[in-house]
Structure formats: structure tokens, C-alpha cells
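Report on one structure; see the data block that follows.
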Amino acid sequence: MSYLNYTVTHTPVGIRKILYLNWPLVFLISAVAGIGFLMLVSVAGGDVDEWAAPQMYRFAVGMVIMIGLAFVPMWFWRGISVTAYVCCFLLLVGVEVAGEIGMGAQRWIDIGPIRLQPSELMKIALVLLLAAYYDWLPLKKVSRPLWVLIPVVLILAPTALVIVQPDLGTSIMLIAGGGIVMFVAGVSLWYFGAVIAMAIGLVMTVMESRGTPWQLLKDYQFKRIDTFLDPTADPLGAGYNIIQSQIALGSGGWSGRGFMQGTQSRLNFLPEKHTDFIFTVLAEEFGFIGAMSLLVLYTLIIGFCLYSALSNRDRFASLITIGISGTFFLYFAINMATVMGLLPAKGSPLPLVSYGGTSLMILMLGFGLVQSAHVHRPR
Amino acid sequence: MSKAPKEIVDSSRKIGRRGLLLAGIQLGVVTTLALKLRSMQVEHAEEYRTLADGNSIKVRLLAPARGLLLDRNGIVIAGNEQNYQITLTREDAGGDVEPVLRRLSHLIPISEERMTQLMDEFAKRTAITPIVLADRLTWEQFSSIAVNAPSLAGVQPETALSRVYPRAGDLAHVLGYVGPVSDYDLSKIEDPDPVLMLPEFQLGKVGFEARLEDHLRGKAGARRVEVNSAGREMRELSRKEGEQGATIQMTLDAQLQNYTAQRLGEESAAAVVIDIQTGDIVAISSSPSFDPNKFVRGISGPDYRALMNHDHRPLADKTVQGVYPPGSTFKMVTLLAGLEAGVINAGSRFYCPGYTEVGGRRFHCWSRGGHGSVDAVTSLSHSCDVYYYELAQRVGIDRIAEMARKLGVGVKHDLPMSAVAEGIAPDRAWKKARYDQAWQIGDSLNASIGQGYVLASPLQLAVMTARIASGKMVVPRLIHAIDGVQQPEPEFADLDVHPAFLRVARLGMDEVMNSSTGTARRSRIIREDWRMAGKTGTSQVRNITAAERARGVIRNDQLPWNRRDHALFVCFAPTAAPRYAVSVVVEHGGGGSAVAAPIARDILLFALEGGLPPLDAVPSDQQADMKARHEAMHLFTPETPRMTRA
Numbered sequence: 001m002s003y004l005n006y007t008v009t010h011t012p013v014g015i016r017k018i019l020y021l022n023w024p025l026v027f028l029i030s031a032v033a034g035i036g037f038l039m040l041v042s043v044a045g046g047d048v049d050e051w052a053a054p055q056m057y058r059f060a061v062g063m064v065i066m067i068g069l070a071f072v073p074m075w076f077w078r079g080i081s082v083t084a085y086v087c088c089f090l091l092l093v094g095v096e097v098a099g100e101i102g103m104g105a106q107r108w109i110d111i112g113p114i115r116l117q118p119s120e121l122m123k124i125a126l127v128l129l130l131a132a133y134y135d136w137l138p139l140k141k142v143s144r145p146l147w148v149l150i151p152v153v154l155i156l157a158p159t160a161l162v163i164v165q166p167d168l169g170t171s172i173m174l175i176a177g178g179g180i181v182m183f184v185a186g187v188s189l190w191y192f193g194a195v196i197a198m199a200i201g202l203v204m205t206v207m208e209s210r211g212t213p214w215q216l217l218k219d220y221q222f223k224r225i226d227t228f229l230d231p232t233a234d235p236l237g238a239g240y241n242i243i244q245s246q247i248a249l250g251s252g253g254w255s256g257r258g259f260m261q262g263t264q265s266r267l268n269f270l271p272e273k274h275t276d277f278i279f280t281v282l283a284e285e286f287g288f289i290g291a292m293s294l295l296v297l298y299t300l301i302i303g304f305c306l307y308s309a310l311s312n313r314d315r316f317a318s319l320i321t322i323g324i325s326g327t328f329f330l331y332f333a334i335n336m337a338t339v340m341g342l343l344p345a346k347g348s349p350l351p352l353v354s355y356g357g358t359s360l361m362i363l364m365l366g367f368g369l370v371q372s373a374h375v376h377r378p379r
Numbered sequence: 001m002s003k004a005p006k007e008i009v010d011s012s013r014k015i016g017r018r019g020l021l022l023a024g025i026q027l028g029v030v031t032t033l034a035l036k037l038r039s040m041q042v043e044h045a046e047e048y049r050t051l052a053d054g055n056s057i058k059v060r061l062l063a064p065a066r067g068l069l070l071d072r073n074g075i076v077i078a079g080n081e082q083n084y085q086i087t088l089t090r091e092d093a094g095g096d097v098e099p100v101l102r103r104l105s106h107l108i109p110i111s112e113e114r115m116t117q118l119m120d121e122f123a124k125r126t127a128i129t130p131i132v133l134a135d136r137l138t139w140e141q142f143s144s145i146a147v148n149a150p151s152l153a154g155v156q157p158e159t160a161l162s163r164v165y166p167r168a169g170d171l172a173h174v175l176g177y178v179g180p181v182s183d184y185d186l187s188k189i190e191d192p193d194p195v196l197m198l199p200e201f202q203l204g205k206v207g208f209e210a211r212l213e214d215h216l217r218g219k220a221g222a223r224r225v226e227v228n229s230a231g232r233e234m235r236e237l238s239r240k241e242g243e244q245g246a247t248i249q250m251t252l253d254a255q256l257q258n259y260t261a262q263r264l265g266e267e268s269a270a271a272v273v274i275d276i277q278t279g280d281i282v283a284i285s286s287s288p289s290f291d292p293n294k295f296v297r298g299i300s301g302p303d304y305r306a307l308m309n310h311d312h313r314p315l316a317d318k319t320v321q322g323v324y325p326p327g328s329t330f331k332m333v334t335l336l337a338g339l340e341a342g343v344i345n346a347g348s349r350f351y352c353p354g355y356t357e358v359g360g361r362r363f364h365c366w367s368r369g370g371h372g373s374v375d376a377v378t379s380l381s382h383s384c385d386v387y388y389y390e391l392a393q394r395v396g397i398d399r400i401a402e403m404a405r406k407l408g409v410g411v412k413h414d415l416p417m418s419a420v421a422e423g424i425a426p427d428r429a430w431k432k433a434r435y436d437q438a439w440q441i442g443d444s445l446n447a448s449i450g451q452g453y454v455l456a457s458p459l460q461l462a463v464m465t466a467r468i469a470s471g472k473m474v475v476p477r478l479i480h481a482i483d484g485v486q487q488p489e490p491e492f493a494d495l496d497v498h499p500a501f502l503r504v505a506r507l508g509m510d511e512v513m514n515s516s517t518g519t520a521r522r523s524r525i526i527r528e529d530w531r532m533a534g535k536t537g538t539s540q541v542r543n544i545t546a547a548e549r550a551r552g553v554i555r556n557d558q559l560p561w562n563r564r565d566h567a568l569f570v571c572f573a574p575t576a577a578p579r580y581a582v583s584v585v586v587e588h589g590g591g592g593s594a595v596a597a598p599i600a601r602d603i604l605l606f607a608l609e610g611g612l613p614p615l616d617a618v619p620s621d622q623q624a625d626m627k628a629r630h631e632a633m634h635l636f637t638p639e640t641p642r643m644t645r646a
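Chains R and V, in that order, give the protein sequences. Taking full-length UniProt numbering, the leading residue of the first sequence gets 1, the next gets one more, and so forth. Taking full-length UniProt numbering, the leading residue of the second sequence gets 1, the next gets one more, and so forth.
Here you go:
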């Protein structure tokens, strides 16, 4: 049976595609979002309307988008990958130029009720383009320097634009997301070793540059590093949040204090408890059991994505799935590590749980692609 | 789909291996997160629970001690003192502060006026802000409050360090002062240090204190304390002391500064003493002065108004902010410009009939009868104006301005003080830019004798003198060492003026003091090893009107004070090996030779002697006066130098 044959005969068509969705993934995503709604109610002191209701509405829209995208065949994604990347890139340049010209520091574009940051869209578009690139590139060329240089440039070009915004967090996400696709596509591990070595060198250079005229980071960024290394160094700033976040988290104990029983007064120190520090609330109210449940749900999402990717014989589809799930992984791992004090403080949302439209929409868009890859896998 | 099935399978296998590797890495990360969660929530849950339950942890900042300022001999000129104060937090007082204040008023005096003022303050601030009720309490008052603390809910006796300036007004202008951080201060600072939010924290407001704020402030410490639900501290969990700010040793000499301030007395005046070899500013005094300690403690309205309304402007720093027409002290600049340009030589002579006419205007020499034939040296020793009128027409203003800047006039000297003035060394381009007018020959004539547009600060005049005396590009400095680290010994470049010309200028300045017809002969030093050179200056504050001239020029001392001439004097000694350069400006003092020169001479003598000027250094007819003056002074003698860190 030739490739063409099984593609035609076994790929579902029309409305029947809905039966071939990765349903476990849909349920897992819904479960995580459900935990999010619960926590948003708790943070609002029992008020559903404040945060939970708008978030549910957005999630419903996101769900529709995801399922809608799942119906779009793979060849379409492959076809628009270059266009999508170029568009996102131009948007990035656009907001940069507009910012320079005097529209202030606006880094987003309003589309109806949804606020889109080109840098967020770029995370998806980059994965799409790299997946298409490695799909097109013969395997034996993957590790040749020239063919490695091209994706590196594709990653670094938008990263450079984002880093001048300045948004260090998103630039790191872009590099890591692109890196994951390159890693899975089979680029020689020597390159990754070299990059890691260079990164360590760069970090050391950056730290050395402190206080000199060619200082590479802003003062507040250095301060953040200081705070991470010693939270008491900045006891009223970020360090205070980390100390208090750890206390709230640890005091949850095995089973937590119960829904809405977390000592909210003590959480008042956290300015962003409905967004960046929502995991703290969960861990305080539902304890180790609650926190681990969320971690397990996240791990299962990654697991189902990886399974779907590895069992998919379409290289493009595999790479997309892994790239997007890898980005998702970075989101929750970074957020959790931050509130536990394992990483320097950086405002990042907990995916599917934190209140906020942009990241939710981007995630659902990404999962739409994952579903599409799953539905249209060669059988 | 052009891809062969074979390749699809290959690539799938590759993705398979790498995908599993990635899954492994991700699983590792998840495991780390889970283990950390377990460690916090299961193993250490009890500790965290204790911290969170009942008590809560607050982080309180500990204010760092401000760095000390020392004079060149290690005498503390800005230190810290223990300040006993009490604060009251409305929330802890149970919401109503009045009964607490009433009870407190039995222990310490609180006037009715102060009471209403405090009530206003409490009404304005949030309930949790501690407000300082009283500070600078005596130890007795402080301890009686501490003993009675249980019945005074919300009252917290605290000790804090407060800035103190032991030399009071002597160094007020150069050091500046600190004061409580205001909202305005905070609004100017990007990303303010949290320590600035502490109640009564002190920040450098003006002068050296403000310019070296970053060095002096130090780093805040922190203590973590457990407070109960009422907000009272239960125990301290950890404490990290702050780091004191850097101790800065300045180039100033506190004793010379003290003498200088007293020698200037009640005059509205300024004096600057520079060590010619190192550029060290050993004294920089503006008179009258004020007590910076009053500003630290919060100056009262009447005191402040008195300072503001004083016609001698005690708050202005006349040494670096004040700019004056330098008058005849500027003549060295014009002379050197002429010599350098080659339009004259030391022997060139001009005839002075008492005036010169240029463009239909008559420019007078100060000596109505004229000086007759004058050469370079006598032009200085007699301070002949006509010589310079003639010279100015030949050398042109641009070269005079260039020489002025070379000597340090009309350029901003980078000293860590507030509002250091640039002065003006005018030239054609400057007038065009400033007034959009062409330069007139009359402007050159005025500028040549330091009148008209020329403006210089006493600091610039001292630098000019030091550069002429040494032939080096002396750069003034105020900092000797920071935290024991000595500033590098300066190596000054040679001044870009021919040494022979400088010798002519120095000879002229020498004759001002020591020739039998010198304008400042009376103020000479008679000890040969301290032989002194100088130049007088008297600069007009007003134009003499034609009407006045017709009536006969009014004598200076008949004019109201603020229209009298400024008296200026610059000097250096010893002439053989110049050590100190001094400039003195007495606002509306009258003549430079009569008023400014004796002051400058005495300051110079104090610097050379390292103590009270010896009487035998001045002409015998002045010794009795000097003795009387010394007896009237209350000079400060340091105890053994204190280097203790507060």
C-alpha cells in the first residue's frame, strides 16, 4: 500500500473528523481549565463574575477555535507556514516601529475583544515554520552547518526584535521553543552542547558587565538576579513576594486548608494572585494533593501530545505537536519553579489557569494545531 | 507529496529517539518540581504552617548608618548621632490616638499647637504608617516612655541615627546637608531604594551630601520579625545589619576653614584656598553661613524666613554659585593673551594719560591723573586700565576668552557641589548666541579689565591663580580618599602658555605686593621665605551715569551697601615655590586692596603656618590689629582626631 493510498483511504473527512479528535487531550485541557475557574472564584472571594466568568467565556471561545482548527488539513498548515512567519515578523517590526514613533510602549494589536501580542503569535508561527523546514529538509542534511544556520537565523531574528522591547522572558521562550523543534528534528547534539557552553559564557559576560559602561542588562534585571540569589537582599520588593509565596505554598501542607480557606489576608501581599501567583493559592488551599494533581494533569497533557507525535508518521505533524507541547511545558514549568523559588522572579502566567486572554487564546490555537495533526495523521 | 515512504519512516525513527530523550528531560523537570513541592508541603509543612498561622512574618528594614565625612586630618566634619525618638501607629493605638497622646503628654511636653498638628498628620496618613511624635528626646524622657510603653498602645520608642555637622556653619555650603526624604525627592528617583520609604530616613539634599549620596547612603539591612495579630513584634527571626556608607576623607582642612569663616566675619564674602601642587581645595568658605543642623532637624518657619530675607544671602554658596565681574584680577588673563599672541612683549610700553578714547567714547583709567608710560610688569603693579584698553584693541576678544578658559575662567570645574557655575569668558560667538548682537570694541575694552560681560566665581579665580603660579593645569578636587582608598595623586599637564610669559605675570603680581608703589603693598608678607604675590580687583556693580560724573563721582562708601563695588583679591605664596593659591571676593566691600587683600593675606598665612598667623609675618604697624583680631576669634582646636565609625 503506497503512501498516497493510505492517506486517501484512511484519513477521516467532513464532520466525522470530530470522532478522531484526541479526546483525552480535550478532557485534560478542560480539567486544567476547570481547576483554573475554581481558583479564580477562590481568589475573588467567591465572586464568580469578577474573573471566573470572563475566563470561562474565553475558554469556550478557545475551545471552539481549537476544534475548528482541528478540521483544517495538514497541507494547509504546511502551506501557510512561511506566510504566517513573515506576517508575525512584520507585525513585530510594526509594533517596534510604532513604539519608536510615539504610540508609547504598545506591544499588542486589538482584534475585537481579543488582544494579540505579535510576540505571542510568533511562538506558534516559529514552531510551524521550523516544522515545515525540517519536513522539507532531507534528513541527512539536518546537521550540516549551513542547514543549521538557517533555522538559527529564523529563531534569532524575531528574538532580537522581542529582546529590544524589552521582553527577556518571551525571547527565552522563543529560543527554547525553536530549540526543542531543532532538537527533535535530529540536529547533532554537538550543536546543543556548543550553544549551552556559549550561553554559560554569555551569562558570565553579562554578570561581569555589571556596573561597567557597556552593561548588558537593565539595573532592574540585575536586581532580579540578586533577589533570586538572596531573597532578603530586596526584602520589600520581589524578594518579599518570593518569601511570602513560599510560606503560603508550604503552609498548605498535605491536604491544604480547603477551598476559600487559604488565609487570603496573607495573600494580599501578592499583587498578581489571580495571574502569576495563582499556583500559590491552589497549593495553599488544596495542599500537596491539589498541587500534585495539577502537575500530573499537565504531565499527562505533555504525555498525550508526545504519544500523538511519536505515533504520527508525518514528520511535519510530529514536529508541530512536539514544538507546541514543548512551549506549553516551558510555560508551566517556569511558572511553578518561580513561585517555588527555583527560578528568578519573572511575571509569567500558569497556562490554562491564570486569568488572561492572550495566553489562553494562543494556547488553544496551539492545541488546535496539535489536534489537527492528530486527526490528519497518516493511517 | 514527493517524499518517498522510506524517508518518512527514517525520519520518524529519528524523531522517536529524540522525542523520547525530550520526554525524559521533561520528566526530570517535572520530578524536580514534584520533589520540591513535597519538600515544602510535606516535609517542611509544619515550619511553614507555624510561620503562616497566628503570627505572620514581616520584613522590617534597618536603616544603614550614613558614611562619615572627614577633613584632611581625619577630623569628623559630618557624623551621626543617636537620636531617641518615639513613633505612634494609629492602628496599634486602637484607631483613636488622642487618649494616647494625652497620656503621653504627662511624660514629655507636647504643646497644644503640636497636638493639633499631630492630629492633622494622623488624619492624613494611613492607619499603619508610624508617625514620629517627638525626636531628640533626652535619655531620661526616652526611658520613662519605654517603661510606660504597656499603657501607651501603639507608641514605639526607637533609636535612629541622625546626621550631625560638628562644625556647624563652617562647612555648610560645601557639605550641604541631609533632610527627610520628601515625596518630591522620591518622584525624581527612578526605582527608589525601599530604604528611602523608612520614616525620617535622611537623604543628601544639597552640596557634597547630595552629590555623593550613592557612596554615603550605605546598604539597608533587614530583620524578619514575627508579629501577632495586633501587629506587635513577638520575636526577631533573623537580622542582617545594614552596611554603613563609605567614609569619605575630603581635602578640606577643618581648622583653616574655621579660621577662614571667622576672618570673613559678617561680610557677604567668599574665599577659596587651593593647594597648588595637588589641586586640593583646603578651604572653601562662603559668608555669612547658616547652621546645617537646623535643616537636618527641620528648620522652623521664622528661622527659614530669616535666612531667606537676609540681604547677605546666607543660603547661597558664593564660592562656586556666585559669579562676579573679576575686575582687575582678570588683567593677568589679558596680559598673557597679549604676550602669547605676540602683539606685545614684556618691554612694550603704552602711555596712560588717565583715559583713552575709542569710537567716540572715553574709557577712564582708575587713576584720573594717569600712570604715564607703563610696561607689562607695572601695568599689573599699578593696575593701569589704559594699558589694557590699548592691549585689548590689539589682541582681540577671542584670544582673551581663549586664555581665560585655559586658565580656568568661564569653564565649569567638575566639583561635587551644588550648582557649580560656569561663569562667562565672553567672545564674539558668545555675544552673538546670547544677545544676537555683534561684538563692539567697547565690549573688548570692558572685558580686558574684567568688567562688562566677564563673570567668574571665586573658585575659578583661585584656579586661575594656581595655574599662573605653577604653570600647570591645576584641577581642583575635594575628595582625598573614599573608604581609605586614596584618590590617585594628580599629575597635572603643563599649561599651554610659554613659561617666560607666566614669569612676567608672576613678576607683576609680585610687584603688586612688594614694590614700593604696588597697589596692595600694605597687605604684603614680610617674611622673605613666605614672600607673597597677588592682584587686587575692584569691580563695579553699576554704571556711573553721566549725571553722576558731572556732579563728581560719588565716593563708594557714600553709596547704599548693595550698590558699592565688589572687592576682590587673588594671591599665592611663597613666590619661590608656590604652595597655596587664595581668592577672596567681598561683595560690595569697596576696594580690593583695602578690604579683600588683608583677608586673603591672613588666610594664606594661616595655611602656610598651619595655625594662627605669626604676627612677625606682617608689617609692624598691623601687628597690633592682628593680635586684637586673633583675641576676638573663637577658634576651634580639634581634640585627638576621631576616626570611630558611628
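Beta carbons: idealized from backbone N, C-alpha and C, even for Gly.
With a threshold of 6 Å on Cβ separation, who are the neighbours of residue i within its own chain once the five nearest residues in sequence on each side are excluded?
i               : result
Y351 of chain V : S373
A222 of chain V : V59, L61 and K240
I145 of chain V : I86, L107 and P157
Kindly indicate which three-state DSSP category residue i falls into: helix, strand or coil?
i               : result
R377 of chain R : coil
V353 of chain R : coil
G537 of chain V : strand
Y388 of chain V : helix
P213 of chain R : coil
R471 of chain V : The question names Arg, yet the displayed sequence has Gly at residue 471 of chain V. Here G471 of chain V sits in coil by DSSP.
Q55 of chain R  : helix
C571 of chain V : strand
H634 of chain V : coil
Can you list, in chain order, the residues of its chain whose CB lies under 8 Å from that of residue i, leaving out five sequence neighbours each side?
i               : result
S308 of chain R : N22, L25, T321, V370, A373, H374 and R377
P638 of chain V : N73, I75, A254 and Q255
K273 of chain R : V43, L267, T280 and V281
Output needed for residue i: all residues of its chain with C-beta closer than 7 Å, excluding positions within five of it in sequence on either side, in chain order.
i              : result
Q55 of chain R : G36, F37, L40 and Y355
So which residues on chain R does residue i lean against when the C-beta distance must stay under 9 Å?
i               : result
R217 of chain V : Chain R residues near R217 of chain V: none, gap ~15 Å exceeds 9 Å.
Just to make sure I have the definition right: I need the residues of chain V whose C-beta is within less than 9 Å of the C-beta of residue i. Which are they?
i               : result
I322 of chain R : I15, R18, G19 and L22
For a contact defined as C-beta to C-beta under 7 Å, what are the partners of residue i on chain V?
i               : result
G287 of chain R : Q41
A337 of chain R : L33
F329 of chain R : Q26
Please list the partners that residue i has in chain R, where partner means a Cβ-to-Cβ separation under 7 Å.
i               : result
Y48 of chain V  : I247, G250 and S251
L198 of chain V : Correct list: empty, because the minimum Cβ distance to chain R is about 10 Å.
Would you call the stretch 293-300 of chain V and the stretch 256-270 of chain V touching, i.e. three or more CB-CB distances under 8 Å?
no
Residues of the stretch 31-60 of chain R with Cβ closer than 9 Å to any Cβ of chain V, in chain order
none
With a threshold of 8 Å, are at least 3 pairs of Cβ atoms found where one atom belongs to the stretch 441-452 of chain V and the other to the stretch 389-396 of chain V?
Yes: the two stretches touch, three or more of their Cβ pairs being nearer than 8 Å.
Just by C-beta distance, which residues in the stretch 172-199 of chain R are closer than 8 Å to chain V?
I180, F183, V184, A185 and G186
By the 7 Å beta-carbon criterion, what residues does the stretch 13-41 of chain V contribute toward chain R?
K14, I15, G16, R18, G19, L22, A23, Q26, V29, V30, L33, A34, K36, L37, R38, M40 and Q41
Can you pull out the residues from the stretch 246-263 of chain R whose beta carbon lies closer than 8 Å to at least one beta carbon of chain V?
Q246, I247, A248, L249, G250, S251, G252, G253, W254 and T263
So if I threshold CB-CB distances at 7 Å, which residues from the stretch 290-310 of chain R count as touching chain V?
A291, M292, L295, T299, I302, L306, A309 and L310
Given a limit of 8 Å on CB to CB distance, which residues of the stretch 71-102 of chain R reach chain V?
none
Spell out a yes or no on whether the stretch 82-97 of chain V and the stretch 149-160 of chain V are touching, meaning 3 or more CB-CB pairs, one atom from each, closer than 8 Å.
Pairwise C-beta distances place the stretch 82-97 of chain V in contact with the stretch 149-160 of chain V, as three or more of them are shorter than 8 Å.
Segment contact, 8 Å Cβ cut-off, at least three pairs: the stretch 322-331 of chain V with the stretch 204-211 of chain V:
no
Evaluate the contact criterion for the stretch 270-283 of chain V versus the stretch 576-593 of chain V: three or more CB pairs, one atom per stretch, below 8 Å.
yes
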